[in-house]
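Reviewing the structure listed below.
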Amino acid sequence: MTGKNLFMFLSVLSITFGVNAQKVTWKYTTEKEPWKKGTDLSFKNSGEKADIIIYPDKKVQKMDGFGACFNEMGYEALLSLDEKTRQNIITDFFTKEGMNFNFCRMPLGSNDYSLSYYSYNDVYEDFDMVNFNIDRDRYILIPYIKMAKAKNPNLKIWASPWTPPAWMKVNNHYAMGKYNDAMPIDNKGKFIRNNATAFKMEERYLQAYALYFSKFVQAYAKEGIDVSIVQVQNEPVYQPQWQSCTWRPEDIAYYVGNFLGPQFQKDGLKTEIWLGTVNTSNPNFTRTVLNDEKASQYIKGVGFQWDAKHTVATLHKEYPGYKIMQTESECGNGENNWKSAEYTWSLMQQYIANGASSYMYWNMILDETGKSTWGWKQNMLIAVNKETKEVKYNPEYYLMKHLSHYVLPDAYRLETSGGKDHLAFVNPNGEVVLLLMNQDEQGKAVLLELNDKKVALNLKGKSINTFVFNN
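All letters in the sequence shown, in the order written, are residues -21 to -1, 1 to 450 by mature numbering (1 follows the signal peptide of the UniProt record, and there is no 0).
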């Protein structure tokens, strides 16, 4: 064989080997087959038009991570199990072998999945926060978070209040909505309309509330838990019959720019301040705050949930310098079925494709009823039957795992073409991850193109799929 012929032979061999030797990992989940290894892959040097093209050199936003919320009722459900089962569940949530959650939320004070109303200072008009304390959290939320951090020491925590202390609100009550029989305290006559600020906008209250935030961050740091982000108010455009506080955007801007931001700066806190968790479909709410000269000096990102999903694409284009977080996946009504997973997938795709760098589920674990303190049955990743001790992993658990297990912190989303039922990423180690949903009842053949190579993917009907390509 001549030198020229040998060179051509080796070149062809190299190309053939490169196409066929690329390592591909495939995991799929169906309703009856969760988290299974797929095998039906084939590589092609084909002139066929690809259904999906991944562009590995076109990076979009950097991903910060995925997680859910630490709530008191979740810890209560966890404690109903024996120690071994508890540890298995925490392992499944927070280790690299499991979901690999690395970025989670917690309430700053009580919320609708707390066991009862409370704040960190319920002493009336204690403006100097002399009686501020996190004693209750030392028995519930802090042990819960520390269980998780024992599995993943790099777990990041962010927090938002559902309500300030009741004495800081104009109705002097934790809740705002109309009376509900499931509430432990009668709140008749405490209703506040949605276009009003429920916080007492006097300087002494605003300054005290800024100090309240700062003391929370510092108290948690002493417990070995660094709070990386605080968001000013959970759902400021909502007045339900549980812990809540409406804010006009002008008042949030005034509070952040003149009180919260300067307090954090004075105390030398590295914790970021974000606008959130915004829940309105009106983009002017967010614009009003971000356009405020003083507030914008301190705000580093924006958290969106529920109706605000309709504004993410527009606001990301208008304010590209701010990070975006999806702060609370919509919770359903306790169905915990495959349709729930499909709907959550649509939310994940919408938020992440439009710039979100992190995605938060709501309740990680609850008892099998999923009921909040006021009676709303909601979905959870893992359900616990307190009587029988049965533990059930719901479809949304596997959906989240298909993303968080494979897409690592500091990965980048990649540009793609070919429809909306997929997301692609590149991890820091160079591996490319494709999350692909088939919502059809029947199986589907998809031809994928990556680095000028064609890969035939044979998807099962009604399936969630993750493909990892590693040269």
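Quick reminder that beta carbons are idealized off the backbone N, C-alpha and C, glycines included.
Nearest-angstrom Cα separation, counted from residue j out to residue i
{"i": "V206", "j": "E27", "result": "51 Å"}
{"i": "E214", "j": "N24", "result": "51 Å"}
{"i": "E104", "j": "E347", "result": "40 Å"}
{"i": "K75", "j": "P132", "result": "12 Å"}
{"i": "K399", "j": "W14", "result": "22 Å"}
{"i": "E182", "j": "F106", "result": "10 Å"}
{"i": "V209", "j": "M147", "result": "19 Å"}
{"i": "I204", "j": "F195", "result": "11 Å"}
{"i": "K11", "j": "K371", "result": "13 Å"}
{"i": "Y184", "j": "N110", "result": "15 Å"}
{"i": "A127", "j": "M327", "result": "24 Å"}
{"i": "S336", "j": "K350", "result": "30 Å"}
{"i": "A145", "j": "M359", "result": "29 Å"}
{"i": "S139", "j": "V434", "result": "44 Å"}
{"i": "N67", "j": "Q186", "result": "44 Å"}
{"i": "A332", "j": "I344", "result": "27 Å"}
{"i": "Q212", "j": "V363", "result": "30 Å"}
{"i": "K125", "j": "W355", "result": "28 Å"}
{"i": "Q421", "j": "G77", "result": "29 Å"}
{"i": "L429", "j": "A287", "result": "34 Å"}
{"i": "D36", "j": "K130", "result": "34 Å"}
Neighbourhood of residue i by C-beta, 7 Å cutoff - its chain only, sequence neighbours within 5 removed
{"i": "F264", "result": "V216, P228, V257"}
{"i": "T323", "result": "S308, E375, L378"}
Reduced DSSP category for residue i - H, G, I as helix; E, B as strand; rest coil
{"i": "T8", "result": "strand"}
{"i": "G349", "result": "coil"}
{"i": "I204", "result": "coil"}
{"i": "M416", "result": "strand"}
{"i": "N67", "result": "helix"}
{"i": "A362", "result": "strand"}
{"i": "M327", "result": "helix"}
{"i": "R127", "result": "The question names Arg, but residue 127 is Ala in the sequence shown. Helix."}
{"i": "I113", "result": "coil"}
{"i": "H401", "result": "strand"}
{"i": "Q305", "result": "strand"}
{"i": "F178", "result": "strand"}
{"i": "W317", "result": "helix"}
{"i": "S98", "result": "coil"}
{"i": "K439", "result": "coil"}
{"i": "P35", "result": "strand"}
{"i": "S337", "result": "strand"}
{"i": "Y199", "result": "helix"}
{"i": "Y188", "result": "helix"}
{"i": "M108", "result": "coil"}
{"i": "E375", "result": "helix"}
{"i": "P86", "result": "strand"}
{"i": "A424", "result": "strand"}
{"i": "Y391", "result": "strand"}
{"i": "S383", "result": "helix"}
Cβ shell of residue i (< 8 Å), same chain only, five flanking positions each side left out
{"i": "Y391", "result": "K38, V39, Q40, K41, M42, F404, V405"}
{"i": "Y97", "result": "G88, S89, R115"}
{"i": "S93", "result": "N50, E51, M52, P86, Q222, T352"}
{"i": "L381", "result": "Rather than Leu, the amino acid found at residue 381 in this sequence is His. Counting only Cβ-Cβ distances below 8 Å, and skipping sequence neighbours, we find K6, T8, L414, I443, N444, T445."}
{"i": "Q197", "result": "D246, L248"}
{"i": "residue 451", "result": "What is shown of the chain runs -21 to 450, which leaves residue 451 out entirely."}
{"i": "M162", "result": "Any reading at M162 needs caution, since the residue's pLDDT is 49, under 50, leaving its predicted position unreliable; the model's value is listed next. Once the five neighbours on either side are set aside, the close Cβ partners of M162 are A154, Q220, W221, T352, W353."}
{"i": "S(-11)", "result": "With a pLDDT of 39 at S(-11), under the threshold of 50, the modelled position of this residue cannot be trusted, and the question is left open."}
{"i": "A232", "result": "T267, V268, D271, K273, A274"}
Close Cβ partners of residue i (< 6 Å) along its chain, the five nearest in sequence each way excluded
{"i": "D246", "result": "S193"}
{"i": "Y123", "result": "F49, Y54"}
{"i": "A320", "result": "P374, E375, L378"}
{"i": "S396", "result": "I32"}
Cβ-based burial, residue i [other Cβ within 10 Å; buried from 16]
{"i": "Y377", "result": "buried"}
{"i": "R117", "result": "exposed"}
{"i": "V411", "result": "buried"}
{"i": "E307", "result": "buried"}
{"i": "T225", "result": "buried"}
{"i": "V235", "result": "buried"}
{"i": "E366", "result": "exposed"}
{"i": "S(-8)", "result": "With a pLDDT of 36 at S(-8), under the threshold of 50, the modelled position of that residue is not reliable, and no figure is offered here."}
{"i": "residue 475", "result": "The question about residue 475 has no answer here: the residues shown for the chain are numbered -21 through 450."}
{"i": "G255", "result": "buried"}
{"i": "V291", "result": "buried"}
{"i": "A440", "result": "Inspection of the sequence shows that residue 440 is occupied by Gly rather than by Ala. By the neighbour-count rule (16 or more Cβ atoms within 10 Å), G440 is not buried but exposed."}
{"i": "S260", "result": "exposed"}
{"i": "A177", "result": "buried"}
{"i": "D230", "result": "buried"}
{"i": "V386", "result": "buried"}
{"i": "A47", "result": "buried"}
Distance cut-off 7 Å: residue i Cβ against heavy atoms of the ligand GDP
{"i": "I208", "result": "As for the ligand GDP, it is missing from this structure, which has no ligand bound."}
For this session: Output the residue ranges of the alpha helix (DSSP H) runs that lie fully inside the stretch 217 to 301 and measure 4 residues or longer, sorted by chain position.
Result: Within the stretch 217 to 301, the complete alpha helix (DSSP H) runs of at least 4 residues fall at 228 to 234, 240 to 245, 262 to 269, 272 to 275, 291 to 297.
**OP:** Jot down the residue ranges of each uninterrupted beta strand (DSSP E) in the stretch 129 to 159, minimum 3 residues, whole runs only, in chain order.
**Re:** Within the stretch 129 to 159, the complete beta strand (DSSP E) segments at least 3 residues long are 135 to 139, listed from N- to C-terminus.
Ignoring anything shorter than 3 residues, give me the beta strand (DSSP E) runs that lie fully in the stretch 37 to 64, in order along the chain.
Whole beta strand (DSSP E) segments, 3+ residues: 44 to 48.
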